[in-house]
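Undergrad: Protein chains in written order, with this note's numbering: chain L, 214 to 406; chain B, 673 to 875.
Dropping a structure here in structure tokens format, bear with me for questions.
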Amino acid sequence: MTEYIFILLSTILVNNFVLVQFLGLCPFMGVSGKLETAMGMSLATTFVLTLSSVCSYLVYTYLLTPFELAYLKTITFILVIAVMVQFTEMVVRKVSPVLYRVLGIFLPLITTNCAVLGVALLNLKKDNGFIDSLFYGFGAALGFSLVLILFAASRERINAADVPRPFKGSAIGMITAGLMSLAFMGFTGLVPN
Amino acid sequence: MSVLSAILILLALALVFGAVLGFAAIHFRVEEDPIVDQIDNLLPQTQCGQCGHPGCRPYAEAIANGEAINKCPPGGETTIHALADLLGRDFVPLDAEHGEEQAKTVAYIREDECIGCTKCIQACPVDAILGAAKLMHTVIVDECTGCDLCVEPCPVDCIEMVPLEKTAKDWYWQIPVVDMQDPQADIIATDRPKNATDKDEAA
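Now the structure itself:
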């Protein structure tokens, strides 16, 4: 049990995908303008990331390994992720039209979120089992959501602040992201591994 | 051999995924007519009901089912042109039965006379009137669509419609409109004989 808590802590704080491993930066900068959309994006990404982490593990272990096709893993994972995203979009559209309208264009964009592919590939690198993969993907998604929502909230504040003109807009966003990244570096060594 | 198995495996995977997506597309299909949304976007959203429908969206649905596109006085000719373009129908002048096109107006409450009965608040389809019982009401100009539904319920007749002045922001070029049914329309001389033969054939 402690093992899983360690995985969660490690992916959320210590090895945060966005601020420490620098994966999934595009949605991090692109969708963080408004808190509401950031929350929607976090929800969708959490769902897709967890599911695709597990699915790519299953496909790799039970399909690619027995046929010695490990070299096809990248293209297969991309296929798996694309299908997951498409499936999620259909389900969300049916189940919650409101959420669908909030997410809008961002839902298909998850396909190109490198954190999703990154999680699938890192699972292999770390030799994670089924449950490990599940927690690793979920933790990565939680970390992504946490950082995205924090960042969106601070950007909303920054918009109201008196920023010097050369730093207005994305520039101050980048600086904020850098400072947040520095802060997250402080978690190094909190968890073994 | 390994090439063959690679191709087969990927093919099988793609087939399974295709089947999943196909199943999802049927199982999670959302019934909605995209044309209704597009028509609704073109309508002015005054919710005034002058077209005979209880709002803009019902009228959009009716248009999608084949109703005439010229029943919207607040939208005027601009809206009819946009609808004609969208639906590939011919332009028809505004149906006078549903009202004349007027300059855009906003409601104005003469606040000294207002008794605070809240009747206009209940009538307003876009919640543009602010106020409480026995307190003075006022109109939020940016929200008011000028539908004049609030004028009639007012027991002391203190609401009037004030025309909005045209500014450089909302002025647009009037596209010259030619009524093809009108034989006097002779913007291009060569159009006239062709129209005449068309009419003869129709008759």
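Backbone N, C-alpha and C define an ideal beta-carbon position, used for all residues, glycine too.
Owing to the predicted nature of the structure, the values given are computational and were not obtained by experimental measurement.
Which term fits Glu-873 (chain B), buried or exposed, when burial requires 16 or more other beta carbons within 10 angstroms of its beta carbon?
TA: The predicted position of Glu-873 (chain B) is uncertain, since its pLDDT is 47 and thus under 50; no value can be drawn from it.
Undergrad: Which residues in chain B have a C-beta closer than 7 angstroms to the C-beta of Met-303 (chain L)? List them in chain order.
TA: Those within 7 angstroms of Met-303 (chain L) in chain B are Ala-696, Ala-697 and Phe-700.
Undergrad: Would you mind reading off the limits of the alpha helix (DSSP H) that contains Met-349 (chain L)?
TA: Just to set this straight, residue 349 (chain L) is Tyr in the shown sequence, not Met. Start and end: 343-373.
Undergrad: Taking the continuous alpha helix (DSSP H) assigned at Thr-165 (chain L), which residues delimit it?
TA: Because chain L is modelled from 214 through 406, residue 165 (chain L) falls outside the range shown and cannot be assessed.
Undergrad: I need the DSSP call for Asp-872 (chain B), collapsed to helix, strand or coil.
TA: Because the pLDDT of Asp-872 (chain B) is 48, which lies under 50, any placement of that residue in the model is unreliable, and the question is left without a value.
Undergrad: In its own chain, which residues sit with a C-beta less than 6 angstroms from the C-beta of Gly-818 (chain B), not counting the 5 before and 5 after it?
TA: Lys-776, Thr-777 and Val-778.
Undergrad: For Leu-181 (chain L) and Glu-302 (chain L), what's the separation of their Cα atoms in angstroms?
TA: No statement about residue 181 (chain L) is possible, as the shown extent of chain L runs from 214 to 406 and does not include it.
Undergrad: Ordered along the chain, which non-local residues of its own chain (more than five positions away) have a Cβ less than 6 angstroms from that of Tyr-313 (chain L)?
TA: Same-chain partners within the cutoff: Val-305 and Arg-306.
Undergrad: With C-beta atoms as the reference, is Thr-751 (chain B) less than 8 angstroms away from Pro-706 (chain B)?
TA: No.
Undergrad: Since I believe Ile-812 (chain B) is in contact with Ile-781 (chain B) (beta carbons under 8 angstroms), could you give me their beta-carbon distance rounded to a whole number of angstroms?
TA: Not confirmed; about 11 angstroms, so no contact.
Undergrad: Residues in its own chain within less than 8 angstroms of Ile-220 (chain L) by CB, not counting five upstream and five downstream?
TA: Within the same chain, Ile-220 (chain L) has close Cβ partners Asp-345, Phe-348, Tyr-349 and Gly-352.
Undergrad: Look at the alpha carbon of Val-708 (chain B) and the alpha carbon of Ile-741 (chain B), and state the distance between them as a whole number of angstroms.
TA: So the alpha carbons of these two residues sit roughly 13 angstroms apart.
Undergrad: So, at 7 angstroms on beta carbons, what are the nonlocal neighbours of Leu-322 (chain L) in its own chain, with the 5 sequence-adjacent residues on each side left out?
TA: Excluding positions up to five away in sequence, the list reads Pro-240.
Undergrad: Label Tyr-275 (chain L) either buried or exposed according to how many other C-beta atoms from any shown protein chain fall within 10 Å of its C-beta, with 16 as the threshold for buried.
TA: Classification of Tyr-275 (chain L): exposed, given that the 10 Å Cβ count is below 16.
Undergrad: Over what stretch of residues does the beta strand (DSSP E) that includes Ala-779 (chain B) continue unbroken?
TA: First-last of the beta strand (DSSP E) with Ala-779 (chain B): 777-781.
Undergrad: So with Cβ pairs under 8 angstroms, would you call Phe-280 (chain L) a contact of chain B?
TA: Cβ-Cβ to chain B under 8 angstroms: yes for Phe-280 (chain L).
Undergrad: Please name the residue, chosen from L:Ile-218, L:Glu-216, L:Val-261 and L:Tyr-217, that lies closest to Ser-358 (chain L) on a Cα-to-Cα basis.
TA: Residue L:Val-261 is the option with its Cα nearest to Ser-358 (chain L).
Undergrad: Looking at the C-beta of Thr-289 (chain L), does it have a partner C-beta in chain B at a distance below 8 angstroms?
TA: True, the Cβ-Cβ gap to chain B drops below 8 angstroms.
Undergrad: Could you confirm whether any beta carbon from chain B is found closer than 8 angstroms to the beta carbon of Phe-300 (chain L)?
TA: With 8 angstroms as the cut-off, Phe-300 (chain L) counts as an interface residue toward chain B.
Undergrad: Please go through the same chain and pick out, in chain order, the residues whose beta-carbon is closer than 6 angstroms to the beta-carbon of Pro-797 (chain B), but skip the five residues on each side of it.
TA: Excluding positions up to five away in sequence, the list reads Gln-719.
Undergrad: Please state whether DSSP places Val-231 (chain L) in a helix, a strand or coil.
TA: Three-state result, Val-231 (chain L): coil.
Undergrad: Does the beta-carbon of Met-297 (chain L) have 16 or more other beta-carbons within 10 angstroms, so that it is buried, or is it exposed?
TA: Burial call: buried.
Undergrad: For a contact meaning CB atoms closer than 7 angstroms, what does Phe-689 (chain B) contact in chain L?
TA: Simply Leu-292 and Val-296.
Undergrad: If distances are taken between C-alpha atoms only, which option among B:Arg-701, B:Gln-722 and B:Gln-710 comes closest to Gly-771 (chain B)?
TA: Among B:Arg-701, B:Gln-722 and B:Gln-710, the Cα nearest to that of Gly-771 (chain B) belongs to B:Gln-722.
Undergrad: Within 10 angstroms of the Cβ of Val-290 (chain L), are there 16 or more other Cβ atoms? Answer buried if so, exposed if not.
TA: Per the sequence presented here, residue 290 (chain L) reads as Phe, with Val not at that position. Buried, because 16 or more other Cβ atoms sit within 10 Å of the Cβ of Phe-290 (chain L).
Undergrad: Does Leu-682 (chain B) come within less than 8 angstroms of chain L when only Cβ atoms are used?
TA: Judged by the 8 angstroms Cβ criterion, Leu-682 (chain B) is in contact with chain L.
Undergrad: Thinking Thr-368 (chain L) and Ser-245 (chain L) are a contact (beta carbons under 8 angstroms), I'd like their distance in whole angstroms, please.
TA: Looking at the sequence provided, one finds Arg at residue 368 (chain L) rather than Thr. The pair is a contact, with the Cβ atoms about 5 angstroms apart (cut-off 8 angstroms).
Undergrad: Along the chain, where does the alpha helix (DSSP H) that runs through Val-267 (chain L) open and close?
TA: That run of the alpha helix (DSSP H) goes 248-272.
Undergrad: Give me the Cβ distance between Gly-386 (chain L) and Cys-327 (chain L), rounded to the nearest whole Å; I'm assuming they're in contact under 8 angstroms.
TA: With 8 angstroms as the limit, Gly-386 (chain L) and Cys-327 (chain L) do not qualify as a contact, their Cβ atoms being about 19 angstroms apart.
Undergrad: Determine the burial state of Thr-287 (chain L): buried for a count of at least 16 other Cβ atoms within 10 Å of its Cβ, exposed for fewer.
TA: The residue in question, Thr-287 (chain L), is exposed, as its Cβ has fewer than 16 Cβ neighbours within 10 Å.
Undergrad: Compare the Cα-Cα distances from Asp-748 (chain B) to each of B:Cys-786, B:Ala-736 and B:Asp-767 and report the closest residue.
TA: Reading off the sequence shown, one finds Gly at residue 748 (chain B), where the question assumed Asp. Among B:Cys-786, B:Ala-736 and B:Asp-767, the Cα nearest to that of Gly-748 (chain B) belongs to B:Asp-767.
Undergrad: Taking the C-alpha atoms as reference points, what is the distance between Asn-229 (chain L) and Phe-235 (chain L)?
TA: Rounded to whole angstroms, Asn-229 (chain L) to Phe-235 (chain L) spans 8 angstroms at the Cα level.
Undergrad: Can you name the residues of chain L whose CB is closer than 9 angstroms to the CB of Ala-732 (chain B)?
TA: In chain order: nothing, as chain L lies at least about 17 angstroms away.
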